[in-house]
Structure formats: structure tokens, C-alpha cells
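So the sequence shown is residues 1 to 201, counted in UniProt numbering. Step one of this worksheet: look at the structure below.
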Amino acid sequence: MPSDKAETSVAHSYEIRVIKKRLPTTSDMVDDALVNLQAKMGVSLKKITSYITGKYVISMSGRRNALIKQRLKHLMETKYVVNVTGVGLKGKIRIVSIAKFRKLIETQNSKEVKANRNSTVREDTKSEGMEADGTPSLEPQRTPPTRKRFSVFDTPPTVTLSQINGHHNIGDDIRDSYSTPVRSTTPPKKKRSLTKIFNMQ
Numbered sequence: 001m002p003s004d005k006a007e008t009s010v011a012h013s014y015e016i017r018v019i020k021k022r023l024p025t026t027s028d029m030v031d032d033a034l035v036n037l038q039a040k041m042g043v044s045l046k047k048i049t050s051y052i053t054g055k056y057v058i059s060m061s062g063r064r065n066a067l068i069k070q071r072l073k074h075l076m077e078t079k080y081v082v083n084v085t086g087v088g089l090k091g092k093i094r095i096v097s098i099a100k101f102r103k104l105i106e107t108q109n110s111k112e113v114k115a116n117r118n119s120t121v122r123e124d125t126k127s128e129g130m131e132a133d134g135t136p137s138l139e140p141q142r143t144p145p146t147r148k149r150f151s152v153f154d155t156p157p158t159v160t161l162s163q164i165n166g167h168h169n170i171g172d173d174i175r176d177s178y179s180t181p182v183r184s185t186t187p188p189k190k191k192r193s194l195t196k197i198f199n200m201q
């Protein structure tokens, strides 16, 4: 009898991978519908939308419907598409010249391919620290500035005996706001005792 390991290896070797095909843009869908539905009497907007939903198996959302209308209006403004009956998108439209329209589609596809190629080059070079033209990136490395922080738990500076006797004031650069202040004058009680001693002498 075959072992369990052999069965699992065979099962893994026959795994089916489902590759999700990327849908074309809405503009490409409209161009494809106009070419395939081309007729002398023209086609309506409803027929174009039903062709797109049937061929590409998609639902017609409000945004997609707006993009279809936008593409058709652009083609009408650039004189690639004209009205046969009615006015605007309420009537039937058709392509003026199939040859010119196919040339327009070819130029658009070549631009899209070039843009995708440039984007992939930028992503590859960015990971390696290179520019799009192959030169090394010269972006300077910025280090965050260090901040001097003071805490109440900091150790106060040491004060020498000569500084106390000489009444030297400690500067702000040495003593922070949390250290013990140094007396600059003699206390009154000590001063009175000293005067008594001098008077007795």
C-alpha cells in the first residue's frame, strides 16, 4: 500500500491554480463594443451597455455607467463618433471611419504598455536604491535631531566648598531647574551670632 506521504505529494502535484484575468478599462470596453456593433443605422447606449455586461460578465454600476457616457461624449467631441438619429447619447451613434478608429485604439494601447513598462522599472530600481534611468539615488539620509530632556530624577550637580564660602553663583548651564539652590547671603541667625563674637573681642 502507498504511504500517506506519497498520496499527499501526488495531491499537491495536481493542484489546480485559478488565474484571475484582469479586465480591460471601461474605455477599452466601449471601443470594443463600438467596433463589434458597428452598423449603418448606428447603435444605442442601451445596446452598448448590454454588450459590455454580456461579454465581460460584469454588473453595470452607477460609476461604470458614468464612465461609459464620458467615453462616448469624448469620442463625439473628437469627431470619431457621430449621431445617426437623435441628439447626443439619447439617439443612435456610429463610427465615422473604422480605419481611423482602429489607429486610435492602437496608439492608446501602445501608450498603456509603455506606461506599465516604466512603472515596473521604477518599482525595480526603487527597491535597489537606483533611479529610473539607472543612476544611484543621491537622497541624503536624514537623522532626527536629538532632544535634551530634563527630569526631576536627574542627579544634581556637585558644589564645592570654595564655591559655598565664596558665594559663587552656579550658572544655568551647570545647574538645572530641579537642583537645590545655593545661598548667596549669610542667614540672619548666623549673622547675629557672628556679630556677638566680634563685639566680645
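Every residue gets a Cβ at the ideal spot worked out from N, C-alpha and C, and that includes glycine. All figures in this text were calculated on a predicted structure; none of them were measured in a lab.
For Val81, the residue or residues it bridges with in DSSP: By one-based count along the sequence shown, residue 81 stands at place 81. Per DSSP, Ile95.
field: For Met29, the first and last residue of its enclosing alpha helix (DSSP H)
entry: Residue numbering aside, residue 29 sits at position 29 when the sequence shown is read from its first letter. Taken as a continuous stretch (DSSP letters only), the alpha helix (DSSP H) holding Met29 covers Thr26 to Asn36.
- request: In the DSSP assignment, find the alpha helix (DSSP H) that holds Lys90 and state where it starts and stops.
  value: Counting from 1 along the sequence shown, the entry for residue 90 is found at position 90. First-last for Lys90: undefined, no H or E at that position.
- request: Note down the Cα distance separating Gln83 from Leu45, rounded to an integer number of angstroms.
  value: Taking the sequence shown and counting its residues from 1, the one referred to as residue 83 is at position 83. Taking the sequence shown and counting its residues from 1, the one referred to as residue 45 is at position 45. The residue asked about is misnamed: residue 83 is Asn in this sequence, not Gln. When rounded, the distance between both Cα atoms is 12 Å.
- request: Tell me whether the beta-carbon of residue 202 lies closer than 8 Å to the beta-carbon of Arg71.
  value: This structure cannot speak to residue 202, because the chain is shown only from 1 to 201.
- prompt: Between residue 265 and the rest of its own chain, which residues show a CB-CB distance below 8 Å, the 5 nearest in sequence each way excluded?
  reply: Here the chain covers residues 1 to 201 and nothing more, so residue 265 does not appear.
query: Which two residues bound the contiguous alpha helix (DSSP H) that contains Thr53?
result: Taking the sequence shown and counting its residues from 1, one reaches residue 53 at position 53. Here the alpha helix (DSSP H) through Thr53 covers Leu45 to Tyr56.
field: Coarse secondary structure for Leu72, derived from DSSP in three states
entry: Locating residue 72 in the sequence shown gives position 72, where the first residue counts as 1. Helix, per DSSP.
message: Quick check: the Cα distance between Thr85 and Asp32, rounded to an integer number of angstroms?
response: Numbered from 1 along the sequence shown, position 85 holds the residue referred to as residue 85. Numbered from 1 along the sequence shown, position 32 holds the residue referred to as residue 32. Looking at the two C-alpha atoms, the distance is approximately 21 Å.
task: With a threshold of 16 other CB atoms inside 10 Å of the CB of Gly42, please say whether the residue is buried or exposed.
output: Numbered from 1 along the sequence shown, position 42 holds the residue referred to as residue 42. With 16 or more other Cβ atoms from the protein chains shown falling within 10 Å of its own Cβ, Gly42 counts as buried.
- prompt: Alpha carbon to alpha carbon, what distance is there between Ile48 and Leu37?
  reply: Within the sequence shown, numbered from 1, the residue matching residue 37 stands at position 37. Within the sequence shown, numbered from 1, the residue matching residue 48 stands at position 48. The alpha-carbon atoms of Leu37 and Ile48 are separated by roughly 8 Å.
message: Which residue wins for smallest C-alpha separation from Asp28, given the options Lys40, Lys21, Ile52 and Ala39?
response: By one-based count along the sequence shown, residue 28 stands at place 28. When each option's Cα is compared against that of Asp28, the closest is Ile52.
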